[in-house]
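**Q** Numbering (the working numbering), first residue to last: 637 to 801. We put the beta carbon where it would ideally sit given N, CA and C, even for glycine.
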């Protein structure tokens with residue numbers, strides 16, 4: 637499958653998902669996974685679709701084991717990816733009633749989300765400084781300091797920002 641065919645298939649999959657045509661989405665997804673068996677995005681989507689399928693949409697329902705296998709594989713492929721951690725957390729918590737196991741996945745997702753948010757925020761602040769939008773840089777920094785109190789990276793950014801104020 638070439639890249640355009642893949643992108644077209646992803647768009648079709650999203651449309652089927654939005655229309656709640658899970659049986660059709662399942663069939664398309666399985667074809668896509670034949671070409672891209674290690675796509676984290678497709679593996680996570682697979683786990684979601686399986687949980688939404690009913691016997692009207694497909695003749696033979698996949699088991700919850702396949703949900704867990706897809707999520708575990710996506711997590712092994714990228715342990716720092718947020719979506720597999722969130723989905724594993726929800727699966728462990730809601731589908732198989734293991735809240736103690738779910739916590740580690742939710743914690744991992746939270747840590748990664750905070751790190752990515754921090755990096756994005758620092759990037760924003762630096763861009764605002766370079767563009768001379770010092771008040772926006774300060775406002776963004778002050779907001780970040782609320783949820784990242786005592787962060788040394790923000791301290792460095794604040795020191796840099798003070799030179800422009």
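So for residue 791, helix, strand or coil by DSSP?
**A** Position 155 of the chain shown holds residue 791. Of the three classes helix, strand and coil, the one that applies to residue 791 here is helix, per DSSP.
**Q** Whose CA, out of 714, 755, 699, lies closest to the CA of residue 741?
**A** By one-based count along the chain shown, residue 741 stands at place 105. With distances taken between Cα atoms, residue 741 lies closest to 714.
**Q** Taking the C-alpha atoms as reference points, what is the distance between residue 770 and residue 717?
**A** Working through the chain shown from its first residue, we reach residue 770 at position 134. Working through the chain shown from its first residue, we reach residue 717 at position 81. C-alpha separation (whole angstroms): 33 Å.
**Q** Span of the alpha helix (DSSP H) holding residue 759?
**A** In the chain shown, the residue the question calls residue 759 occupies position 123. Note, residue 759: alpha helix (DSSP H), 735-766.
**Q** Could you give the residue range of the alpha helix (DSSP H) that holds residue 710?
**A** Residue numbering aside, residue 710 sits at position 74 when the chain shown is read from its first letter. Note, residue 710: alpha helix (DSSP H), 700-713.
**Q** Determine the closest residue to residue 666 out of 645, 779, 778, 784, with distance taken between C-alpha atoms.
**A** Position 30 of the chain shown, counting from 1, holds the residue named residue 666. Measuring from the Cα of residue 666, the nearest candidate turns out to be 645.
**Q** Since residue 755 and residue 777 are thought to touch, with beta carbons under 8 Å apart, how far apart are those beta carbons, to the nearest angstrom?
**A** In the chain shown, counting from the first residue as 1, residue 755 sits at position 119. In the chain shown, counting from the first residue as 1, residue 777 sits at position 141. Contact flag wrong, Cβ pair sits at about 14 Å.
**Q** Taking the Cβ atom as the reference point for each residue, do residue 683 and residue 707 lie within a distance shorter than 8 Å?
**A** Numbered from 1 along the chain shown, position 47 holds the residue referred to as residue 683. Numbered from 1 along the chain shown, position 71 holds the residue referred to as residue 707. Against a cut-off of 8 Å, the Cβ pair of residue 707 and residue 683 comes out as a contact.
**Q** Should residue 680 be labelled buried (16 or more other beta-carbon atoms within 10 Å of its own) or exposed?
**A** As a working mapping, residue 680 is identified with position 44 in the chain shown. Buried, by the Cβ-count rule.
**Q** For residue 759, does the count of other Cβ atoms within 10 angstroms reach 16, so buried, or fall short, so exposed?
**A** Translated into the one-based positions of the chain shown, residue 759 becomes position 123. Its Cβ having fewer than 16 others within 10 Å, residue 759 is exposed.
**Q** By the DSSP assignment, the alpha helix (DSSP H) with residue 803 in it spans what residues?
**A** Only positions 637 to 801 of the chain appear in this structure, which leaves residue 803 out of reach.
**Q** Measure the beta-carbon distance from residue 688 to residue 658 and round it to whole angstroms, keeping in mind my assumption that it falls under 8 Å.
**A** To locate residue 688, count along the chain shown from 1; it is residue 52. To locate residue 658, count along the chain shown from 1; it is residue 22. Indeed they touch by this definition, with Cβ atoms about 5 Å apart.
**Q** Could you pull out every residue in the same chain whose Cβ sits closer than 7 Å to the Cβ of residue 700, ignoring the five residues on either side in sequence?
**A** Within the chain shown, residue 700 is the residue found at index 64, counting from 1. Closer than 7 Å at the Cβ level, and outside the excluded window around residue 700, lie 731.
**Q** Do residue 738 and residue 721 have their C-beta atoms closer together than 8 Å?
**A** Against the chain shown, residue 738 aligns to sequence position 102. Against the chain shown, residue 721 aligns to sequence position 85. No, they are not a contact pair.
**Q** Measure the beta-carbon distance from residue 652 to residue 643 and round it to whole angstroms, keeping in mind my assumption that it falls under 8 Å.
**A** Your numbering for residue 652 matches position 16 in the chain shown. Your numbering for residue 643 matches position 7 in the chain shown. Between residue 643 and residue 652 the Cβ distance is about 15 Å, and since that is not below 8 Å, they are no contact.
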